[in-house]
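Asks:
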Amino acid sequence: MKKGVLLVNLGTPDNPQTPAVRKYLNEFLMDERVIDINAFSRFMLIKGIIVPFRGPKSAKSYQEIWTEEGSPLMIYTVKTTELLKQRLGDEYHVEMAMRYQSPSIESALAKLRAAQVTSIQVIPLFPQYASASTGSVHQKVMEIVSKWQTIPSMSFVNSFYDDDLIIEAYAQNGAKHKPEEYDHILFSFHGLPQRQMIKADETGKHCLKVANCCDTITGANRFCYSAQCHATARLIAERLNIPKEKYTLTFQSRLGRDPWMQPYTSEVIDQLAKKGIKKLLVFCPAFVADCLETIFEVSVEYNEEFKHAGGEHVQLVESLNDSPLWIDALERMVRGA
1307 MKKGVLLVNL GTPDNPQTPA VRKYLNEFLM DERVIDINAF SRFMLIKGII VPFRGPKSAK
1367 SYQEIWTEEG SPLMIYTVKT TELLKQRLGD EYHVEMAMRY QSPSIESALA KLRAAQVTSI
1427 QVIPLFPQYA SASTGSVHQK VMEIVSKWQT IPSMSFVNSF YDDDLIIEAY AQNGAKHKPE
1487 EYDHILFSFH GLPQRQMIKA DETGKHCLKV ANCCDTITGA NRFCYSAQCH ATARLIAERL
1547 NIPKEKYTLT FQSRLGRDPW MQPYTSEVID QLAKKGIKKL LVFCPAFVAD CLETIFEVSV
1607 EYNEEFKHAG GEHVQLVESL NDSPLWIDAL ERMVRGA
């Protein structure tokens, strides 16, 4: 009998055309953990404003990064799954899924069920825990499995923001670009609304109420996405001997008018360029696979913004993708070493 492993990434449209992108955005943004407002307001916002207008624009962006093999995020997630299968051998049955679109979590779990695995370990492929990503994966898996007559032993990976192998993998990718030759370093993480950070503070007394509330992991913020992002950036910087004054942690991809986690990447890029910074190296350690937010948002959009403000070049540090150290880290998670 085999043990089951389910790797889950966020998702990608089936193709880069507007109808497929709108379908993806609808499923993604209608998730109550992603847009955490009342159901009626969420429906009106997503169906009436965001998807109709954002769909065509996002489709053009996806077309910029799409390859003959498909979406980069899908390509690297498939490679990661295949490499992990090879590492784990016959003792394990490994499946991959996307939280939104294909292959679905339901279809992947059905394959594990059909294989009669003795246990299922769920690994959401997000280094830092957030309700809108890891939490959503956990909830979806539990909703599906709860309907099974017999449920195997289940386990869930919550986060791996400080895993030493993963920190080393990000550091090795950064070292290839010689950080010492850049004027400044950015650690740009995917943004989330501030209200979601506040909700994660079960004490109600820490988030945005304590000075430098994200600088150290404590009991109050142990599940805080922002605090985990700060820890990841600090560990990578320490591994590469990047002094504190030479790097800034920022958040990208904000949506809507509500305040999101700050500082915003786009604003910091503009400020740095106006201060005379010419060469900028950007890590995106919230992503394990290069995708729209890294390849296009950073390498194209932010690069253009930086140059317009007086800078010369924004260099993206590639994600973990199919790095051997990344596969080492996943293998260790599965085996519990």
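Residue numbers 1307 to 1643, in my numbering, belong to the letters of the sequence shown in order. Ideal Cβ positions, reconstructed from N, Cα and C, are used throughout, including at glycine.
1. Would you kindly work out how many angstroms separate the C-alpha atoms of K1308 and D1576, rounded to a whole number?
2. Using the Cβ count rule (16 or more neighbours within 10 Å means buried), how would you classify Q1534?
3. Report all residues from its chain with a CB closer than 6 Å to the CB of F1462; omit the five preceding and five following residues, and keep chain order.
4. Quick check on the burial criterion: 16 or more other C-beta atoms within 10 angstroms. Buried or exposed for L1514?
5. DSSP three-state label for V1454, please.
6. If I'm right that I1504 touches I1450 with Cβ under 8 Å, what's the distance once you round it to whole angstroms?
7. Please check if any C-beta of chain B sits within less than 7 Å of the C-beta of G1376.
8. Using DSSP with H/G/I as helix, E/B as strand and the rest coil, what is A1420?
9. What do you get for K1446, buried or exposed, if any count of 16 or more other CB atoms within 10 angstroms of its CB means buried?
10. Taking the beta carbon of F1359 as the centre, do at least 16 other beta carbons fall within 10 Å, making it buried, or is it exposed?
11. Considering only residues of the stretch 1540–1588, which uninterrupted beta strand (DSSP E) runs meet the minimum length of 3 residues and lie entirely inside it, listed in chain order?
12. Just to check my reading of the structure: Y1398 and V1311 have Cβ atoms closer than 8 Å, yes? What is that Cβ distance to the nearest angstrom?
13. Suppose you measure from the CA of E1611 to the CA of K1581; what does that come to, to the nearest Å?
14. Can you say whether R1563 is buried or exposed, counting buried as having 16 or more other CB atoms within 10 angstroms of its CB?
15. How about A1579 and A1615: are their beta carbons less than 7 Å apart?
16. Are the CB atoms of L1390 and V1400 nearer to each other than 7 Å?
17. By alpha-carbon positions, which one of S1625, L1636, R1641, N1321 ends up nearest to A1477?
18. Determine the closest residue to R1419 out of S1452, S1442, G1441, with distance taken between C-alpha atoms.
19. Let me check understanding here. Comparing Cα to Cα, which of G1395, S1347, I1355 lies closest to E1637?
20. Taking 8 Å as the limit between beta carbons, can you name the residues of its chain near N1609, skipping five residues before and five after?
21. Could you tell me how far apart the beta carbons of I1491 and P1485 are, in whole angstroms, since I believe they sit closer than 8 Å?
22. Using the C-alpha atoms, what's the distance from Q1434 back to Y1467?
23. Please identify the residue among D1596, N1344, F1589 whose C-alpha is closest to the C-alpha of L1541.
24. Starting from A1345, trace the alpha helix (DSSP H) both ways and give me its first and last residue.
25. Please state whether DSSP places T1440 in a helix, a strand or coil.
26. DSSP three-state call for F1612: helix, strand or coil?
27. Give the single residue among M1380, M1404, K1417, K1585 whose Cα lies nearest to the Cα of T1440.
28. Pair every Cβ in the stretch 1357–1374 with every Cβ in the stretch 1321–1336, then say whether three or more of these pairs are closer than 8 Å.
29. Report yes if the CB atom of M1567 is closer than 7 Å to the CB atom of G1497, and no otherwise.
30. With respect to the beta strand (DSSP E) encompassing N1479, which residues constitute its N-terminal and C-terminal limits?
31. Just mark I1472 as buried or exposed, buried being the case when its beta carbon has 16 or more other beta carbons within 10 Å.
32. Please classify F1668 as buried or exposed, where buried requires at least 16 neighbouring CB atoms within 10 angstroms.
33. Looking only at DSSP bridge pairs, what is P1309 linked to?
34. Is it the case that the Cβ atoms of F1557 and F1495 are separated by a distance below 7 Å?
Replies: Based on what the coordinates show:
1. For the purposes of this step, residue 1308 is identified with residue 2 of the sequence shown, where counting begins at 1. For the purposes of this step, residue 1576 is identified with residue 270 of the sequence shown, where counting begins at 1. If you take the alpha carbons of K1308 and D1576, they lie about 53 Å apart.
2. Against the sequence shown, residue 1534 aligns to sequence position 228. Q1534 is buried by the Cβ-count criterion.
3. As a working note, residue 1462 is residue 156 in the sequence shown. Here the set comprises V1428, H1444.
4. Locating residue 1514 in the sequence shown gives position 208, where the first residue counts as 1. Answer is exposed; the Cβ neighbour count stays below 16.
5. The residue you call residue 1454 lines up with position 148 of the sequence shown. In the sequence under discussion, the amino acid at residue 1454 is Trp, which differs from the Val named in the question. Looking at W1454 - three-state DSSP - the assignment turns out to be coil, as it is neither helix nor strand.
6. Here residue 1504 corresponds to residue number 198 of the sequence shown, with the count starting at 1. Here residue 1450 corresponds to residue number 144 of the sequence shown, with the count starting at 1. Wrong, their Cβ atoms sit about 30 Å apart, outside the cutoff.
7. Given the protein chain composition of this structure (a single chain), no chain B is represented.
8. Residue mapping note: residue 1420 aligns to position 114 of the sequence shown, counting from 1. DSSP places A1420 in helix when its eight states are reduced to three.
9. To locate residue 1446, count along the sequence shown from 1; it is residue 140. The residue in question, K1446, is buried, as its Cβ has 16 or more Cβ neighbours within 10 Å.
10. Within the sequence shown, residue 1359 is the residue found at index 53, counting from 1. Flag for F1359 reads exposed.
11. 1553–1558
12. Here residue 1398 refers to the residue found at position 92 of the sequence shown. Here residue 1311 refers to the residue found at position 5 of the sequence shown. So it is a contact: roughly 6 Å between Cβ atoms.
13. If you number the sequence shown from 1, residue 1611 lands on position 305. If you number the sequence shown from 1, residue 1581 lands on position 275. Each residue's alpha carbon lies about 14 Å from the other.
14. Translated into positions along the sequence shown, residue 1563 becomes position 257. Exposed, by the Cβ-count rule.
15. The sequence position of residue 1579 within the sequence shown is 273, counting from 1. The sequence position of residue 1615 within the sequence shown is 309, counting from 1. Closer than 7 Å, so yes.
16. In the sequence shown, counting from the first residue as 1, residue 1390 sits at position 84. In the sequence shown, counting from the first residue as 1, residue 1400 sits at position 94. Their beta carbons are under 7 Å apart, which means L1390 touches V1400 by this criterion.
17. By 1-based counting over the sequence shown, the position of residue 1477 is 171. Comparing Cα-Cα distances from A1477 to each of S1625, L1636, R1641, N1321, the minimum goes to S1625.
18. Here the question's residue 1419 lines up with position 113 in the sequence shown. Nearest C-alpha to R1419: S1452.
19. Numbered from 1 along the sequence shown, position 331 holds the residue referred to as residue 1637. Nearest of G1395, S1347, I1355 to E1637, Cα basis: G1395.
20. As a first step, residue 1609 must be located in the sequence shown, where it is residue number 303. These residues qualify, in order along the chain: H1619, V1620.
21. Against the sequence shown, residue 1491 aligns to sequence position 185. Against the sequence shown, residue 1485 aligns to sequence position 179. About 6 Å; that satisfies the 8 Å criterion.
22. Here residue 1467 is taken as the residue at index 161 of the sequence shown, counted from 1. Here residue 1434 is taken as the residue at index 128 of the sequence shown, counted from 1. Those two C-alpha atoms are separated by around 5 Å.
23. Residue 1541 sits at position 235 when you count from the first residue of the sequence shown. The shortest C-alpha separation from L1541 is found at F1589.
24. For this step, residue 1345 is matched to residue 39 along the sequence shown. Residues 1345–1351.
25. For the purposes of this step, residue 1440 is taken as residue 134 along the sequence shown, with counting starting at 1. Reduced to three states, the DSSP call for T1440 is helix.
26. In the sequence shown, counting from the first residue as 1, residue 1612 sits at position 306. F1612: helix per DSSP, three-state reduction.
27. Position 134 of the sequence shown holds residue 1440. Residue M1404 is the option with its Cα nearest to T1440.
28. yes
29. The sequence position of residue 1567 within the sequence shown is 261, counting from 1. The sequence position of residue 1497 within the sequence shown is 191, counting from 1. Yes, they are a contact pair.
30. One-based indexing of the sequence shown puts residue 1479 at position 173. Here N1479 belongs to no beta strand (DSSP E); instead the alpha helix (DSSP H) covers 1470–1481.
31. In the sequence shown, residue 1472 corresponds to position 166, counting from 1. Label assigned to I1472: buried.
32. Absent from the model: residue 1668. The displayed extent of the chain is 1307 to 1643, so no value can be given.
33. On the sequence shown, position 3 is the one that residue 1309 refers to. The sequence shown places Lys at residue 1309, not Pro. Answer is Y1398, bridged to K1309.
34. As a first step, residue 1557 must be located in the sequence shown, where it is residue number 251. As a first step, residue 1495 must be located in the sequence shown, where it is residue number 189. Yes, they are a contact pair.
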